[in-house]
Each structure stands twice: as structure tokens, then as C-alpha cells.
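Here's the structure we're looking at; comments come further down.
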Amino acid sequence: MFLKSDGEPSLDEAFRGEFEALLSEYVVYGGFPAVVKGEDVKIGLLKNLVSMYAEKDVFGWFGIREVEKFGSLMKYLALSSGSIPGASSACRNIGLDYRALISYLSVLANTYVIRSIYTCHTNRINEIKKAKKVYFYDLGFRNPLPRIFTPVANRSNSGMLENFVLSELILLGFEP
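If you want it as C-alpha cells, here you go:
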């Protein structure tokens with residue numbers, strides 16, 4: 001706690017509201033440098049970023065031709081961020097075969113869009129057998145996919161905050 005004179009809020013109290021507002025904005029819009037504009041401009045920039053990634057990196061560089069299915073997979077992963085999406089469920093919902101799914105997940109991981117990690121179990125064998133949780137490296141890339149830009153306080157799922165914490169730990173050098 002910071003020193004304070006009588007009747008004045010401490011420094012941490014004075015900046016708490018501003019910090020919470022900035023944190024909420026960061027969790028919704030991510031950390032891409034250009035996204036510090038007005039709300040409509042932010043959303044447009046993020047949608048454009050996702051579109052450019054798909055067109056130039058994925059379809060151009062990796063030669064993926066099933067544009068709609070790849071986009072559907074990215075949206076599916078965005079909606080299940082922080083949870084455990086099953087491979088068979090993803091294949092069934094998107095209409096992908098298992099081999100294509102693994103290939104697409106590899107592209108997303110190798111281009112630093114997603115990170116998949118094993119869930120914690122007391123039994124190491126169960127940990128390896130179970131499906132992995134999928135997280136996005138930057139929520140500014142995740143949120144345009146399902147077009148969800150509601151503030152953190154108005155959301156019911158904790159997956160987004162879990163995703164935020166994991167991405168910050170990775171930035172700090174922790175390896176999950």
C-alpha cells in the first residue's frame with residue numbers, strides 16, 4: 001500500500017479503475033500495436049488482420065485450398081478457446097477428415113496463432129490420452145472470428161480470461 005495523506009486515495013486506488021478499463025480492452029482487442037484507435041476502427045483492423053493472415057500466410061504460403069473449412073475451424077477453435085475441443089466433434093461439425101484437421105491445427109500452431117496444451121491430471125497416462133486445450137496467442141486474433149467484442153465483465157465464460165492468463169505467462173517466458 002502506498003503512503004497517502006488524510007482523505008486522499010492511495011496511488012493503487014487512484015489507478016485501479018483506469019487499469020481495469022485498460023485490461024478489459026486488452027482482453028477484448030488483444031495486443032496488436034495498430035489496434036489503439038476508436039472501437040469501430042479496432043474491429044475493422046482486427047478483421048482485416050485475420051483476413052490477411054488467411055489469404056497470405058495460410059492459403060498462399062501453405063497452399064491450403066479449403067478456405068471455408070479452414071475458416072470454420074478457426075471459428076470453432078475461437079468459440080471453444082480454453083476448453084477441450086474433441087477432434088471427432090470438430091471433424092463432424094466442420095466436415096473435415098481427421099488428416100486435414102491435424103494438418104490445419106499444425107499450420108495454426110506453426111504460425112503462432114494457437115497453442116495447445118495438455119490438461120493437468122494426477123495420472124500422467126490420462127493426461128497424455130485426453131484431448132488438449134486450445135488457446136490463442138493473442139485474443140485480438142481470436143475475437144474477430146466469432147465476432148464477439150463484448151466487454152469482459154459482460155461475458156459468462158471464463159475461457160477468455162484463462163486464455164489471457166496463459167498468453168501472458170508465455171510472454172513472460174513460462175512454458176506450460
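Residue 1 is where the sequence shown starts when you use UniProt numbering, and the numbers rise one by one after that.
Virtual Cβ for every residue (Gly too), placed ideally from N, Cα, C.
Residue range of the alpha helix (DSSP H) that includes residue i
{"i": "Val107", "result": "98-110"}
{"i": "Phe136", "result": "Element bounds for Phe136: not the alpha helix (DSSP H) but the beta strand (DSSP E), 133-136."}
Under the three-state DSSP convention, the category residue i falls into
{"i": "Phe141", "result": "helix"}
{"i": "Val113", "result": "coil"}
{"i": "Gly159", "result": "helix"}
{"i": "Ser72", "result": "helix"}
{"i": "Glu66", "result": "coil"}
{"i": "Glu168", "result": "helix"}
{"i": "Cys91", "result": "helix"}
{"i": "Ser48", "result": "What sits at residue 48 in the sequence shown is Asn, not Ser. In this structure, Asn48 counts as helix in the three-state DSSP scheme."}
{"i": "Ser24", "result": "helix"}
{"i": "Arg147", "result": "coil"}
{"i": "Tyr118", "result": "coil"}
{"i": "Gly17", "result": "helix"}
{"i": "Phe174", "result": "coil"}
{"i": "Gly60", "result": "helix"}
Option in the options with minimal Cα separation from residue i
{"i": "Leu77", "options": "Ser106, Glu68, Leu172, Ile114", "result": "Ile114"}
{"i": "Leu166", "options": "Gly17, Gly86, Tyr118", "result": "Tyr118"}
{"i": "Val58", "options": "Ser116, Glu18, Leu105", "result": "Leu105"}
{"i": "Val41", "options": "Pro144, Ser88, Ser81, Gly71", "result": "Pro144"}
{"i": "Glu162", "options": "Gly173, Ile94, Tyr135, Gly140", "result": "Tyr135"}
{"i": "Gly71", "options": "Ser51, Phe15, Asn110", "result": "Ser51"}
{"i": "Ile43", "options": "Asn93, Leu73, Arg147", "result": "Arg147"}
{"i": "Leu96", "options": "Ala109, Val67, Ser81, Cys120", "result": "Val67"}
{"i": "Met74", "options": "Gly159, Ala109, Leu22", "result": "Ala109"}
Cβ distance (whole Å) where residue i is taken to contact residue j below 8 Å
{"i": "Leu46", "j": "Tyr29", "result": "7 Å"}
{"i": "Phe164", "j": "Leu139", "result": "6 Å"}
{"i": "Ser159", "j": "Ser81", "result": "One point to set straight first is that residue 159 is Gly, not Ser, in the sequence displayed. 5 Å between Cβ atoms; contact."}
beta-carbon residue i near the ligand HEM non-hydrogen atom, thresh 6 Å
{"i": "Leu101", "result": "Of ligands this structure carries none, so the ligand HEM is not represented either."}
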